[in-house]
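Numbering-wise, our numbering puts 71 at position 56 of the sequence shown, and it's gapless, one number per residue. Don't be surprised by glycine CBs; every beta carbon is placed ideally from N, CA and C.
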Amino acid sequence: MITNPEQLGQIINDELNQVEITDVHTHLFSANFGSMLLWGIDEVLTYHYLIAEFFRYSRLDYGEFFSLPKTEQADLVWQTLFLDRSPVSEAQRGALTILNRLGLDVKSRDLDEYREYYRSRTIEQQIDTVFDLAGIKEVVMTNDPFDPQEREIWKSGAGNQDPRFKAALRIDPLLMDYENSYKVLQGEGYEVDAHLGGNSLQEIRRFIRDWVLRMDALYLAVSLPPDFNLSQDSTRTRITEECVLPVCRELDIPFAPMIGVNRLVNKRLGFAGDSLGKADVRVIEYLCTNYPENKFLVTMLSRENQHELAITARKYGNLMVFGCWWFLNNPTIVREITSIRMETLGLSFIPQHSDARVLEHLIYKWEHSKSIIGQVLEAKYTDLLATGWGLTRESVSQDVQALFSTNFENFLRS
Ligand code: HDL
Ligand code: ZN
């Protein structure tokens with residue numbers, strides 16, 4: 016029985032170091048997707064988080080920068096964000112955590128030395144090394160049938176061949192840009208039209224069903240703007256309620272609305288140009304209340320939505336809250352959100368996903384998050400001990416496994 020706070024910290028650290036993580040949302044791909052899986056130091060340094068920060072200092076023309084070869088972009092980012100000044104931001108620190116955990120000499124500041132390390136690495140070796148360093152059991156990909164390159168890999172039968180990588184069907188174009196995406200469905204042999212006439216709704220259900228089954232998708236995801244609602248009789252509302260939700264029910268997979276992104280507020284920044292806004296949790300209340308047979312895996316992008324999202328989750332067993340998404344994935348906010356969630360939801364939430372876009376991101380995103388989540392857990396356990404409650408190592412182990420994998424697995428099976 017654990018009775019004093021001193022031994023608690025060590026036990027929590029041991030359990031965090033041993034837990035096998037299920038990373039419920041990433042932009043990674045298994046090796047058989049070829050160049051779609053980004054890896055290596057130049058991809059790390061040209062991560063759109065770092066590009067946004069580079070342009071805080073540089074007045075280089077956006078188009079000029081993006082037309083440079085990746086290595087020259089990385090050289091500029093390295094010089095500007097790491098050599099010209101201290102790399103104190105979370106994304107800057109993350110790049111250094113990666114180098115450090117790979118056993119490279121961060122003090123050398125020699126980018127070519129780091130590139131030399133990669134010259135002898137294969138992608139298969141790097142996946143094994145990174146998964147081992149980060150403690151990853153499996154990652155869930157973001158799989159987009161509207162991406163021509165990815166669509167062909169799945170249709171060719173190649174698809175995913177690595178059991179450590181699971182699929183999630185991503186349908187942003189279907190809900191956010193149907194006036195154009197319906198033509199892709201037509202091209203794929205689905206009898207749909209621009210106005211949802213004829214068999215369109217049935218055919219959209221067939222499209223979703225075909226792709227969930229082809230990918231063996233664990234859930235169906237879409238990122239949505241802050242003003243997302245289902246109160247207007249719009250194309251988005253009809254496809255959500257008459258296509259997405261019925262097929263998710265039929266196949267017993269969660270629908271994962273990721274709410275709060277304002278895409279391309281600065282178009283010239285590309286991926287780095289997205290921003291956020293506060294959304295209305297009433298749309299989640301509407302979904303959970305009116306579709307009790309559906310499961311909802313939800314994350315929101317605005318810090319201001321987090322307390323109300325946690326309280327909403329207290330009302331619905333078919334709602335699982337996950338992650339400190341994107342602009343929230345910084346120590347200050349991860350600590351705040353995890354504390355709010357643990358104080359209102361106990362252990363019934365998924366505290367984090369990596370959103371890794373480059374393979375090596377798994378190393379820093381999980382090292383940094385596990386440290387904060389572990390500190391919150393230690394504070395809560397310390398409060399427990401103060402009541403006279405006794406903890407066992409087995410209970411700590413079970414709690415940590417719940418947070419980092421079994422909550423997600425059980426929700427999929429629920
Ligand atoms: O839409 C999403 O899934 C977001 O995570 C975006 O991909 C975003 O650009 C990102 O990489 N966040 O970490
Ligand atoms: Zn993402």
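So, are the CB atoms of residue i and residue j less than 8 Å apart?
| i | j | result |
| --- | --- | --- |
| Ile-36 | Lys-152 | yes |
| Gln-107 | Leu-96 | yes |
| Met-315 | Ala-328 | no |
| Val-59 | Glu-393 | no |
| Ala-149 | Ile-387 | no |
| Gly-285 | Phe-70 | no |
| Val-313 | Ala-271 | yes |
| Ser-429 | Lys-282 | no |
| Thr-41 | Glu-382 | no |
| Asn-291 | Arg-251 | For the sequence presented, residue 291 should be read as Leu rather than Asn. No, they are not a contact pair. |
| Val-92 | Thr-61 | yes |
| Leu-235 | Ile-254 | no |
| Ile-168 | Ala-46 | no |
| Ile-26 | Val-411 | yes |
| Pro-20 | Thr-402 | no |
| Leu-31 | Val-154 | no |
| Val-39 | Phe-342 | no |
| Ala-325 | Leu-362 | no |
| Val-205 | Arg-221 | In the sequence as displayed, the identity of residue 205 is Tyr instead of Val. Yes, the Cβ-Cβ distance between Tyr-205 and Arg-221 is below 8 Å. |
| Val-415 | Ser-384 | no |
| Val-280 | Pro-240 | no |
| Tyr-306 | Leu-334 | no |
| Glu-218 | Val-207 | yes |
| Ile-407 | Ile-17 | The sequence as given places Thr at residue 407; Ile does not occur at that position. Yes, these two residues count as a Cβ contact at 8 Å. |
| Leu-427 | Leu-233 | yes |
Consider the C-beta atom of residue i and the heavy atoms of the ligand ZN; say whether any pair is separated by less than 7 Å.
| i | result |
| --- | --- |
| Thr-157 | yes |
| His-40 | yes |
| Asp-231 | no |
CB of residue i to nearest heavy atom of the ligand NAD: below 7 Å?
| i | result |
| --- | --- |
| Met-273 | The model depicted lacks the ligand NAD and carries the ligand HDL and the ligand ZN instead. |
Run the proximity test for residue i: is its beta-carbon closer than 7 Å to any non-hydrogen atom belonging to the ligand HDL?
| i | result |
| --- | --- |
| Phe-69 | no |
| His-63 | yes |
| Asp-143 | no |
| Arg-372 | yes |
| Val-276 | yes |
| Asp-289 | yes |
| Phe-286 | yes |
| Trp-341 | yes |
| Ser-104 | no |
| Ser-238 | yes |
Which first and last residues belong to the alpha helix (DSSP H) in which residue i is found?
| i | result |
| --- | --- |
| Ala-417 | It is not in any alpha helix (DSSP H) - Ala-417 carries neither H nor E in the DSSP assignment. |
| Ile-378 | 376-401 |
| Asp-187 | 187-191 |
| Ser-26 | The sequence as given places Ile at residue 26; Ser does not occur at that position. Note, Ile-26: alpha helix (DSSP H), 20-33. |
| Asn-175 | No alpha helix (DSSP H) holds Asn-175; DSSP gives it neither H nor E. |
| Glu-206 | It is not in any alpha helix (DSSP H) - Glu-206 carries neither H nor E in the DSSP assignment. |
| Phe-423 | 422-428 |
| Cys-258 | From DSSP, Cys-258 is part of no alpha helix (DSSP H); its letter is neither H nor E. |
Ends of the beta strand (DSSP E) at residue i?
| i | result |
| --- | --- |
| Ile-274 | 270-274 |
| Thr-37 | 36-38 |
**Study point:** Any beta strand (DSSP E) of 3 or more consecutive residues that is wholly inside the region 97-166
**Key:** Qualifying beta strand (DSSP E) stretches, in chain order: 151-155.
Point to revise | Whole beta strand (DSSP E) elements within the region 292-356, 3-residue minimum | key: As summarised for the region 292-356, the continuous beta strand (DSSP E) elements at least 3 residues long and confined to that stretch are 311-315 and 334-336, given in chain order.
Point to revise | the region 173-188 / the region 65-77 touching (three or more Cβ pairs under 8 Å) | key: Touching, no.
Review point. How about the region 42-58 and the region 139-157: do they share at least three Cβ pairs that are nearer than 8 Å?
Key: With three or more CB-CB distances shorter than 8 Å, the region 42-58 counts as touching the region 139-157.
Practice item. Would you check if the region 239-249 and the region 295-312 touch, i.e. whether three or more CB-CB distances between them fall below 8 Å? Key: Below 8 Å, enough C-beta pairs join the region 295-312 and the region 239-249 to call them touching: three or more.
Check your understanding: For the 8 Å Cβ check, are there 3 or more pairs between the region 323-339 and the region 363-379?
Key -> Counting C-beta pairs with one atom in each stretch, the region 323-339 and the region 363-379 have three or more that are closer than 8 Å, which means they touch.
**Study point:** Within the region 213-256, ranges of the alpha helix (DSSP H) (whole runs, at least 4 residues)
**Key:** As summarised for the region 213-256, the continuous alpha helix (DSSP H) elements at least 4 residues long and confined to that stretch are 215-230 and 250-254, given in chain order.
**Study point:** Meets three-Cβ-pair contact criterion under 8 Å: the region 317-327 and the region 338-357
**Key:** Put simply, the region 317-327 touches the region 338-357. At least three CB pairs are less than 8 Å apart.
Review point. Whole alpha helix (DSSP H) runs in the region 44-88 with 4 or more residues, listed along the chain?
Key: Runs found: 56-60, 63-69 and 77-82.
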